[in-house]
Amino acid sequence: MDSFNSNAPLRRMVSFSALIAILIALSNPVALAADATAATTDCKLCAEWNEPVEPFRIYGNAWYVGPHGLSSILITSDRGHILIDGALAESAPQIAANIRKLGFRVEDVKYILNSHAHFDHAGGIGALQKSSHATVVASADGAAAIERGRGDRGDPQFLSARSFPPVHHVQRIGDGETVSVGDITVTAHATPGHTPGGTTWTWKSCSAERCLDIVFADSLVAISDDVYRYSDEKNHPGIIAAFRRSIATVAALPCDILLSTHPDASDLWKRRDAAADGSGLIDRDACRQYADRASQRLGQRLANEKSAHP
35 MDSFNSNAPL
45 RRMVSFSALI
55 AILIALSNPV
65 ALAADATAAT
75 TDCKLCAEWN
85 EPVEPFRIYG
95 NAWYVGPHGL
105 SSILITSDRG
115 HILIDGALAE
125 SAPQIAANIR
135 KLGFRVEDVK
145 YILNSHAHFD
155 HAGGIGALQK
165 SSHATVVASA
175 DGAAAIERGR
185 GDRGDPQFLS
195 ARSFPPVHHV
205 QRIGDGETVS
215 VGDITVTAHA
225 TPGHTPGGTT
235 WTWKSCSAER
245 CLDIVFADSL
255 VAISDDVYRY
265 SDEKNHPGII
275 AAFRRSIATV
285 AALPCDILLS
295 THPDASDLWK
305 RRDAAADGSG
315 LIDRDACRQY
325 ADRASQRLGQ
335 RLANEKSAHP
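In the working numbering, the protein residues as written are 35 to 344.
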């Protein structure tokens, strides 16, 4: 039976200092102007990210159905399917077409999962949900942002991120909880840092009686607008420790095949083309290397912040 495993209702706690930071940002005319500009300015990379690519089998029942620069993953079963991420709003028709090219029906997608609530990964979810009537699932912070159509000041990129079409009634999921359809079971791993609600998803896909652990790793890049500082413990308490836990989580996951929100971040195309039979995608050290790069970048970001604001 299709199921959603939730141990308890998740309640979002907002600290007083975080609330004050949000109010200051919203009362600042300069911040408001920058926010409005970011929401309406054309994305310089969107055309490149949205370049079409033929859908292909990753392994077993896992398929790549996104555009060239933004991952969208379909996991199939006889009882229905699970889709991870919707890329850009303008990517939705391409994702739907790719699903149909593979011989599957968009209407059979039962759940749409999200890695993090930015316009380039959640933008197409609304249109895909309307065509499939799937349940959208995200972490508590991610779900709140999807329902608003943007993040809040807890998001390091709040002032520079574009808004996207909101989706109502997003189902919350907690760390370690699962989503199941037929013989598919996908596990959520909380990996905050890039955004407060960042989530990495894992599952097993099987082919010819060989099952592999597949990881769809959320972004672990420490990047922000011009205001946010990761080292600002007063306004963002615990973010550095949480980010480091996220990196350690991804490094420790059982990981035969690594997928990432931006395929280039995990060298997907290079690995796919390395072997005609697709075996180049298998790299049991890929998650650890992905996490190591993230750790180095976070360290460099914190050093830069210390140098700029001793």
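Quick reminder that beta carbons are idealized off the backbone N, C-alpha and C, glycines included.
Predicted, not measured: the structure shown is a model, and the values here were computed from it.
Partner residues in the beta bridge of His115, as assigned by DSSP, are Val143. Inclusion of Ala179 and Gly185 in the CB contact set at 7 Å is warranted, their separation being smaller than that value.
Between Val215 and Ala251, the alpha-carbon positions lie close to 21 Å from each other. Contact between Ile248 and Thr236 holds: their C-beta atoms lie close to 7 Å from each other, under 8 Å.
Contact annotation: Asp298 and Ser194 have beta-carbon atoms that are not nearer than 7 Å. In the DSSP annotation of this structure, Ser165 is not part of any beta strand (DSSP E); the continuous alpha helix (DSSP H) holding it starts and ends at Ile159 to Ser166.
Under DSSP, Thr212 forms a beta bridge with Thr221. DSSP places Leu336 in the helix class (H, G or I) of the three-state scheme. Counting C-beta atoms within 10 angstroms of its own C-beta, Cys240 has fewer than 16 neighbours from the protein chains shown and is therefore classed as exposed. Under the DSSP assignment, Ser241 falls in the beta strand (DSSP E) whose first and last residues are Thr233 to Ser241. When DSSP reads this structure, Val99 sits in no beta bridge, so it has no partner. Annotated as distal: Val99 and Pro86, with beta-carbon spacing of 7 Å or more.
DSSP, read as helix, strand or coil, puts Ser294 in strand. Secondary structure note for Ile109: its beta strand (DSSP E) is the uninterrupted segment Ile107 to Ile109.
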